Amino acid sequence: MSFILGTILFVVGVGLLDARLPWPRSGRGPT
Amino acid sequence: MIAGHFGFAAAVKSRTPAVPLWALMLACVWLDVVFVPLVLTGVESIDSVPGQPPGAYGAAIIHANYTHSLVGAIVLAALFGLAFAERYGRRTAVVLGFVVLSHWLLDLPMHRPDMPLLPGGVDPVRLGFGLWRSPVAAALLELALVLVGAALYARAVFALTAEHPAKRRLGRACAASVLAAGLLTLALNVLGQ
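Quick note, the sequences are listed as chains A and B, same order.
Using our numbering, read the first sequence as starting at 87 and increasing by one per residue.
Using our numbering, read the second sequence as starting at -15 and increasing by one per residue.
The structure is reproduced here in C-alpha cells:
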C-alpha cells in the first residue's frame, strides 16, 4: 500500500501541484 | 526502499528545475512500476525473509531478473528517457533516464543480495549490501533522503517564489506536501503497510 499510495501522492498530487509553479520550461510542451 | 527514492527525486528537481516534478517522481519508481505487472503475471516475484510476515519493512527478497537487473534497469532508463525526449528535450530525457537508473543504485545498499547484473536469470551473481538486515539503520537512511530531498526542494521553491510573490502560498504548499508525502510513505512502509 505504501508503494501505491506514495506513487499516487507524489506523481499525481504533489506533481500536479508543483506544475502550477512558474518553473522554467523545457522542450516544446507544457511542464 | 520507497520514500527514499522520492526524496532523491525531490533533490534532483532542486538542481534541474525545468524537469517536471511528476515525471521525476514517476522515474524514480519506474522499475517498481514495471515490476508490478510482471509480478502479477508470474514473470517476477517477491518473497519475505523466512520468519518475517509479508510486507514487513526490509524483509523483501525479490526475484526480478528483468526490472532489477543492472542491464534491465539501464534499458528501462533509456526507454523512459526516450519517451520524454521529443516533447521535453534531450536534457530532460537524460535527467529522467538517470533518475530511473538511480533506483537500482539506491536499492543496491538496501537489498539483500538479490539483484543480478544481467537480465533473464542467466547471471548467477546477485548484488545487494543488505542494509535491510538492520531495519532501523535502513529506515534512518531513508528518512535522511526524505529530509534532505524535501529541504533542497523547499529551498529551490522559496527562491523561485521570492521572484513571484503571488505564488508564495502555492510554493509553501508544495514544499509542505513533499515533506508530508515523504514522511507518510516512509511511515506506512516501516509499519508494513
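Note that beta-carbon positions come from the ideal geometry of N, C-alpha and C, so glycine has one too.
This one's a predicted model, so the numbers in the text were calculated from it and none came from an experiment.
Please list the residues of the region -4 to 7 of chain B that have a C-beta atom closer than 7 Å to any C-beta atom in chain A, keeping them in chain order. Against chain A - using a Cβ distance shorter than 7 Å - the residues of the region -4 to 7 of chain B are Pro1, Ala2, Val3, Pro4, Leu5, Trp6.
What is the DSSP secondary structure of B:Leu102, reduced to helix, strand or coil? Coil at B:Leu102, not helix or strand.
Can you grab the Cα-Cα spacing for the pair B:Pro38 / B:Leu5, in whole Å? In a straight line, the C-alpha of B:Pro38 is about 32 Å away from that of B:Leu5.
If you follow the alpha helix (DSSP H) that B:Ile58 is in, where does it begin and where does it stop? Start and end: 54 to 72.
Could you say which of B:Ser32, B:Val83, B:Leu102 lies nearest to B:His52 if we only look at CA atoms? In terms of Cα proximity to B:His52, the closest of B:Ser32, B:Val83, B:Leu102 is B:Leu102.
What does a CB cutoff of less than 6 Å around B:Leu8 pick up in its chain, not counting 5 residues either side in sequence? Correct list, in chain order: Ala(-7), Val(-4), Lys(-3), Val83.
Please confirm if B:Met(-15) has its CB atom under 8 Å from at least one CB of chain A. Chain A, which has no Cβ nearer than 8 Å to the Cβ of B:Met(-15), makes this no.
Counting only C-beta atoms, is B:Asp16 closer than 8 Å to chain A at any point? Yes, B:Asp16 counts as interfacial toward chain A.
Cα-Cα separation between B:Gly114 and A:Phe89, rounded to whole angstroms: Taken atom to atom, the span from the alpha-carbon of B:Gly114 to that of A:Phe89 is near 20 Å.
Quick one: any contact between the region 134 to 147 of chain B and the region 161 to 170 of chain B, if contact means 3 or more CB pairs under 8 Å? In short, these stretches touch, since the Cβ pair count reaches three.
Which residue comes first and which comes last in the alpha helix (DSSP H) that contains B:Ile30? That residue, B:Ile30, is in no alpha helix (DSSP H); its beta strand (DSSP E) goes 29 to 32.
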